[in-house]
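Some notes on the structure that comes next.
2 protein chains.
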Amino acid sequence: MMTTYEALADPTRRRILDLLRERPHLVGELVEQLKISQPLISKHLRVLREVDLVHVRQDAQRRWYMLNAEPLAEIDAWMEPYRHLWSERYDRLDTLLNTLQQEEKQDDQT
Amino acid sequence: MMTTYEALADPTRRRILDLLRERPHLVGELVEQLKISQPLISKHLRVLREVDLVHVRQDAQRRWYMLNAEPLAEIDAWMEPYRHLWSERYDRLDTLLNTLQQEEKQDDQT
DNA sequence: CAGTTATATAACCAATATGGTATATTATCT
DNA sequence: AGATAATATACCATATTGGTTATATAACTG
């Protein structure tokens with residue numbers, strides 16, 4: 000069985016989610032937008048369904064797929080303790096760049 | 000070549016990152032902590048190195064692996080527009096259904 | 001009912017990932 | 001130099017994945 004992480008590992012599936020974030024889509028709409036064969040879209044949707052990242056509502060022969068973002072909360076929670084780490088790094092880079100710029104300025108003044 | 004998403008898809012690699020978040024580790028320490036064969040740990044480290052999630056510092060025959068959280072920023076950025084969605088969902092009609100499904104999943108996971 | 005539309009599934013293939021065992025590499029120590 | 005320690009890589013078998021084409025299912029339409 001798939002995990003949410005594995006489901007997100009595929010770029011096509013991320014693009015599907017990005018489209019569903021705006022509004023629910025029919026399978027055919029996704030096929031058209033992403034220019035990917037219908038069976039393959041259906042396969043990806045199956046994976047997304049399995050990890051509950053999408054919900055479906057049937058409407059005659061059509062199926063409306065809609066986003067369910069909730070499983071992403073798990074990943075968000077995993078990332079939480081990492082989040083300050085790359086900002087720290089940027090801060091340090093920032094100070095370094097500032098320092099260099101200061102030095103340049105002083106060089107220019109001569 | 001791997002993406003950051005794919006690198007995170009493997010649970011062992013996530014556990015490695017979790018350990019490195021606390022402090023740098025030697026390969027042997029990771030082997031001991033995770034109880035996974037040394038070659039396999041090395042392989043996973045190679046993947047993490049390829050996507051730049053870890054940096055290495057050599058110290059005689061030993062190698063200190065340390066976390067580089069920066070590539071996670073990309074994923075964090077991708078998740079950003081989703082983040083408000085899983086809190087908004089609470090006032091929807093299918094909240095009850097979702098909740099029940101989530102509970103079932105969580106029960107399964109234990 | 002026959003035909004059409006929308007989607008899912010089956011069967012198959014190629015490429016890749018995973019995990020195991022054996023071996024190579026590199027540095028240190030005696 | 002030979003032995004040892006720490007880590008990386010090679011090689012192999014198996015499983016999984018992403019993709020294709022063909023077919024099944026299910027609902028609507030004339």
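Residue numbers (numbering that gives the first Met the number 0), protein chains in the order written: chain A, 0 to 109; chain B, 0 to 109.
Backbone N, C-alpha and C fix where the C-beta goes; we use that ideal spot for every residue, glycine too.
Predicted, not measured: the structure shown is a model, and the values here were computed from it.
Residue j beta carbon less than 8 Å from that of residue i
i	j	result
T11 of chain A	L33 of chain A	yes
L9 of chain B	H43 of chain B	Per the sequence presented here, residue 9 of chain B reads as Asp, with Leu not at that position. Against a cut-off of 8 Å, the Cβ pair of H43 of chain B and D9 of chain B comes out as a contact.
A68 of chain B	L29 of chain A	no
Y81 of chain B	R20 of chain A	yes
L52 of chain A	L16 of chain A	yes
Distance, residue j Cα to residue i Cα
i	j	result
M78 of chain A	A6 of chain A	17 Å
E31 of chain A	R22 of chain A	15 Å
S36 of chain B	L71 of chain B	27 Å
Y4 of chain B	Y4 of chain A	7 Å
V50 of chain A	G27 of chain A	22 Å
V46 of chain B	Q57 of chain B	18 Å
R48 of chain B	D75 of chain A	23 Å
L66 of chain B	E73 of chain B	16 Å
Q60 of chain A	S41 of chain A	14 Å
R14 of chain A	T2 of chain A	18 Å
R62 of chain A	S86 of chain B	25 Å
Residues that residue i contacts on chain A, provided the C-beta gap is smaller than 9 Å
i	result
R56 of chain B	Per Cβ cutoff of 9 Å: no residues; R56 of chain B is ~16 Å from chain A at best.
Neighbouring residues, chain B, relative to residue i (Cβ below 7 Å)
i	result
L71 of chain A	M78, Y81, W85
Y4 of chain A	L7, A8
Chain-ordered chain A contacts of residue i [CB-CB under 7 Å]
i	result
D75 of chain B	M78, R82
Per-residue contacts from residue i into chain A (C-beta, under 8 Å)
i	result
A59 of chain B	Within chain A, no residue comes near A59 of chain B; the closest Cβ sits about 27 Å away, beyond 8 Å.
Residues within the segment 28 to 49 of chain B neighbouring chain A, beta-carbon criterion of under 8 Å: none
What are the start and end residues of each continuous alpha helix (DSSP H) run of 4 or more residues lying completely inside the segment 16 to 97 of chain B, in chain order? 26 to 33, 37 to 49, 71 to 82, 84 to 87
Chain B contacts from the segment 7 to 23 of chain A (Cβ-Cβ distance under 9 Å): L7, A8, D9, P10, R13, L16, D17, R20
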